[in-house]
Amino acid sequence: MPLNERDRIEILMMIGVGDRMRTQQEVCRLFHEMHPDREPVSQSTVSRIERKYRELGHVRDAPRQVRQVSRDLNIGKSSVSNIFKKVKYHPYRVRLIHELAEDDFDRRTEFCEYMMDHNNQNNGFIANILFSDEATFFLNGHVNRQNTRYWSQENPHWMQEYHTQHPQKVNVWAGIIYEGRDTCKELIQELKHSVGLLKKQKEQRTKEKLRVKGQQRDETMHLNMVP
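The sequence shown: position 163 = 155 (our numbering), numbered continuously.
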């Protein structure tokens, strides 16, 4: 019989804290003594529960989908859905959020102040910004918000941090600039043309310089400039 959340909490209490901690073998023996009518727990189970608590701070069950609940209880998916609706459970979608470092909040504030200051000094500043967006298709079974739901009576505000740089993926990129739509092919052509102009301007030392600002979504705020 699988362990429920109360069983896992009981095992954590048996492990103890500080200098009064029991070994995994002692916890298994104590749990069996207190529950002789149940299957004994293994040392690997005790270790897994302890590790989960140290990493996550809780031992609750992971969210399960309707299909998995249907398979575990051997009842139809429609029956599971009807039961959820009867107890007023709603499917909430996971929200992917940026994995932020400690100093990222200050950097974002500085970036906003920088943008506001330069926009006040130069009315055409915003028109030179290339706004971009991208869609990422993971090839290794990464979380898909369309297929993932959390059933609950209240919104759990379920969020999951994710790495913006990840192997085995395909990115689709698009950009919007003041003059209209831009694509990767057009951007490459513009960059090649700009490089040629920059080489000539470097020799002539002209005062006019090409400045292209890049805003990229799904990344930490940054500013790219071509001097």
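All C-beta atoms, glycine included, are put in the ideal place defined by N, C-alpha and C.
Assigned exposure category for residue i - 16 Cβ within 10 Å defines buried
| i | result |
| --- | --- |
| VAL51 | buried |
| CYS104 | exposed |
| VAL162 | exposed |
| ARG0 | buried |
| VAL33 | buried |
| ILE3 | buried |
| VAL19 | buried |
| ILE67 | exposed |
| GLU31 | exposed |
Residue i in three-state terms, based on DSSP
| i | result |
| --- | --- |
| VAL79 | coil |
| PHE123 | strand |
| ILE169 | strand |
| VAL72 | helix |
| VAL61 | helix |
| VAL9 | coil |
| ASN111 | helix |
| THR37 | helix |
| LEU92 | coil |
| ASP29 | coil |
| ILE118 | helix |
| ASP53 | coil |
| ILE67 | coil |
| LEU(-5) | coil |
Residues that residue i bridges to, as DSSP identifies them
| i | result |
| --- | --- |
| LYS220 | Residue 220 cannot be examined here, being either before or after the span of the chain that is shown, -7 to 219. |
| THR15 | Bridge partners of THR15: none, in fact. |
| ASN163 | THR128 |
Expected contact under 8 Å - CB spacing of residue i and residue j to nearest Å
| i | j | result |
| --- | --- | --- |
| ILE7 | ARG14 | 6 Å |
| PHE123 | ILE168 | 5 Å |
| ASN112 | ILE118 | About 11 Å; that fails the 8 Å criterion. |
| VAL38 | VAL58 | About 31 Å; that fails the 8 Å criterion. |
| GLN35 | GLN16 | 4 Å |
| GLU126 | VAL164 | 6 Å |
- Item | Inter-stretch contact (C-beta, 8 Å, three-pair minimum) for the segment 71 to 86 and the segment 17 to 27 | no
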